[in-house]
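Here's the structure, in structure tokens; my notes come after.
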DNA sequence: ATGAGTGCAAAGGCTTTGCATTAGG
DNA sequence: CCTAATGCAAAGCCTTTGCACTCAT
């Protein structure tokens, strides 16, 4: 798709009174190129000149502006990816052994069914502004070879 | 249901060479009574005489024995609930504001469809021993009143 | 009795923050 | 220019761990 991610990012940051600075642009680039959720250590690895504290602050701002999404996987590291409307709707495969996060998609017919079931559950429990989080938790190829009993 | 949770817990602990001690029993009771995932601070609140380190160690052992399940919500706190075969299959509603976790269920027909879609996705990505994690993330009643814009 | 389990306190590790400096609009 | 953003270092906070004591078998 031909979305201008940087233009959208600049606009969303502006909407919350934030500037689209060099380091923020860099982080967005890194996430877009990765195409999967990255931890902050991974982001720093790709950008050795970026200080750790700047990475944390940058990602906090980008998250707040709706440019990136923070996801909680199975290990102690937070992970970040571009917001879904800047990439595409997808789900995550989480490796319980190494923490790897990969993306996958569900048939759209199933997504539709899920959506209505979720809407019903949310309304039943008085939850609002609900998004769903559908993940698979298991062992990735590498780990099932290593740790597979 | 008439499951004897304590008997099962004792048996599962035994299977991994662990004893079913008083504090472990206490934690299991607390989780069963709560009927929703609890953080360690919440567990300690319910059991003021239980030291923090014992709570962490107890829950680590119970998790390893398959008596409880550790879940990652949206905040920094790990949460624990009884294993599904000691309670029932369900999903979670997560409040992004206060971190509250509530339970909900999906129609069993939808569960079946999901299961096969997940199996397909997992096999496509060479993931093994896959479990699913289907949660809704939003604002609980209390928080949507307070923080609802 | 005798090793597993517990309690206390200190250490670990990811993340946040204070403050002086730099850069964006 | 002038405020927001950055960089460095120190502090926070959840969690884990070392070690001596106690309880379960």
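Residue numbers (our numbering), protein chains in the order written: chain X, 1 to 149; chain Y, 1 to 149. Heads up, the beta-carbon is just placed ideally off N, CA and C, and yes, glycines get one too.
Given residue i as reference, the closest of the options once Cα atoms are compared
{"i": "residue 121 of chain X", "options": "Y:75, Y:90, Y:120 and Y:133", "result": "Y:90"}
{"i": "residue 142 of chain Y", "options": "X:113, X:60, X:127 and X:25", "result": "X:127"}
{"i": "residue 99 of chain X", "options": "X:29, X:20, X:9 and X:37", "result": "X:37"}
{"i": "residue 103 of chain X", "options": "X:29, X:77 and X:73", "result": "X:73"}
{"i": "residue 46 of chain Y", "options": "Y:66, Y:88, Y:27 and Y:10", "result": "Y:27"}
{"i": "residue 75 of chain Y", "options": "Y:12, Y:21, Y:10 and Y:39", "result": "Y:39"}
{"i": "residue 20 of chain X", "options": "X:132, X:67, X:135 and X:44", "result": "X:67"}
{"i": "residue 9 of chain X", "options": "X:54, X:83, X:35 and X:44", "result": "X:83"}
{"i": "residue 88 of chain Y", "options": "Y:135, Y:105 and Y:95", "result": "Y:105"}
{"i": "residue 31 of chain X", "options": "X:86, X:12, X:131 and X:132", "result": "X:86"}
{"i": "residue 101 of chain X", "options": "X:49, X:11, X:12 and X:35", "result": "X:35"}
For residue j and residue i, the rounded distance between their alpha carbons
{"i": "residue 4 of chain Y", "j": "residue 23 of chain Y", "result": "18 Å"}
{"i": "residue 129 of chain Y", "j": "residue 137 of chain X", "result": "8 Å"}
{"i": "residue 124 of chain X", "j": "residue 14 of chain Y", "result": "40 Å"}
{"i": "residue 79 of chain X", "j": "residue 18 of chain Y", "result": "35 Å"}
{"i": "residue 111 of chain X", "j": "residue 71 of chain Y", "result": "24 Å"}
{"i": "residue 52 of chain X", "j": "residue 33 of chain Y", "result": "42 Å"}
{"i": "residue 107 of chain Y", "j": "residue 117 of chain X", "result": "8 Å"}
{"i": "residue 113 of chain Y", "j": "residue 64 of chain Y", "result": "30 Å"}
{"i": "residue 61 of chain Y", "j": "residue 69 of chain X", "result": "33 Å"}
{"i": "residue 58 of chain Y", "j": "residue 92 of chain X", "result": "30 Å"}
{"i": "residue 134 of chain X", "j": "residue 115 of chain Y", "result": "12 Å"}
{"i": "residue 55 of chain Y", "j": "residue 96 of chain X", "result": "23 Å"}
{"i": "residue 131 of chain Y", "j": "residue 12 of chain X", "result": "36 Å"}
{"i": "residue 29 of chain Y", "j": "residue 44 of chain Y", "result": "13 Å"}
{"i": "residue 41 of chain X", "j": "residue 94 of chain Y", "result": "27 Å"}
{"i": "residue 25 of chain X", "j": "residue 109 of chain X", "result": "36 Å"}
{"i": "residue 16 of chain X", "j": "residue 77 of chain X", "result": "26 Å"}
{"i": "residue 49 of chain Y", "j": "residue 50 of chain X", "result": "46 Å"}
Cβ neighbour criterion (16 or more within 10 Å) applied to residue i
{"i": "residue 145 of chain Y", "result": "exposed"}
{"i": "residue 7 of chain Y", "result": "exposed"}
{"i": "residue 81 of chain Y", "result": "buried"}
{"i": "residue 140 of chain X", "result": "buried"}
{"i": "residue 149 of chain X", "result": "The pLDDT assigned to residue 149 of chain X is 46, lower than 50, so where the model puts this residue is not dependable; a value taken from the coordinates is nonetheless given after this. When all chains shown are included, residue 149 of chain X counts as exposed."}
{"i": "residue 119 of chain Y", "result": "exposed"}
Per DSSP, cross-strand counterpart(s) of residue i
{"i": "residue 71 of chain X", "result": "X:79"}
{"i": "residue 42 of chain X", "result": "Residue 42 of chain X pairs with nothing; no bridge assigned."}
{"i": "residue 104 of chain X", "result": "X:91"}
{"i": "residue 154 of chain Y", "result": "Shown here, chain Y extends from 1 to 149; a query on residue 154 of chain Y therefore has no answer."}
{"i": "residue 128 of chain Y", "result": "X:139"}
### Message
Output needed in chain order: residues of the segment 115 to 133 of chain X with a Cβ under 8 Å from some Cβ in chain Y.
### Response
For the segment 115 to 133 of chain X, which is checked against every Cβ of chain Y, the residues closer than 8 Å are 117, 118, 121, 122, 124, 125, 126, 127, 128, 129, 130, 131, 132 and 133.
### Query
When Cβ atoms are compared, which residues of the segment 93 to 104 of chain X fall closer than 7 Å to chain Y?
Answer in chain order: 93, 102 and 104.
### Task
Determine which residues of the segment 12 to 28 of chain X have a Cβ less than 7 Å from any Cβ of chain Y, and write them out in chain order.
For the segment 12 to 28 of chain X, which is checked against every Cβ of chain Y, not one residue is closer than 7 Å.
### Query
For the segment 47 to 79 of chain Y, which residues have a CB atom closer than 8 Å to at least one CB atom of chain X, in sequence order?
Considering only beta carbons, the part of the segment 47 to 79 of chain Y lying closer than 8 Å to chain X consists of 72, 73 and 74, in chain order.
### Message
Which residues of the segment 133 to 144 of chain X have a Cβ closer than 7 Å to any Cβ of chain Y? Give them in chain order.
### Response
Near chain Y, meaning a CB-to-CB distance below 7 Å, the residues of the segment 133 to 144 of chain X are 133, 134, 135, 136, 137, 138, 139, 140, 141 and 144.
### Query
Along the segment 81 to 92 of chain Y, what residues have a CB closer than 7 Å to any CB found in chain X?
Within the segment 81 to 92 of chain Y, no residue qualifies.
### Task
Residues of the segment 33 to 46 of chain Y with a CB closer than 9 Å to any CB of chain X: list them in chain order, please.
Of all residues in the segment 33 to 46 of chain Y, none has a Cβ within less than 9 Å of some Cβ in chain X.
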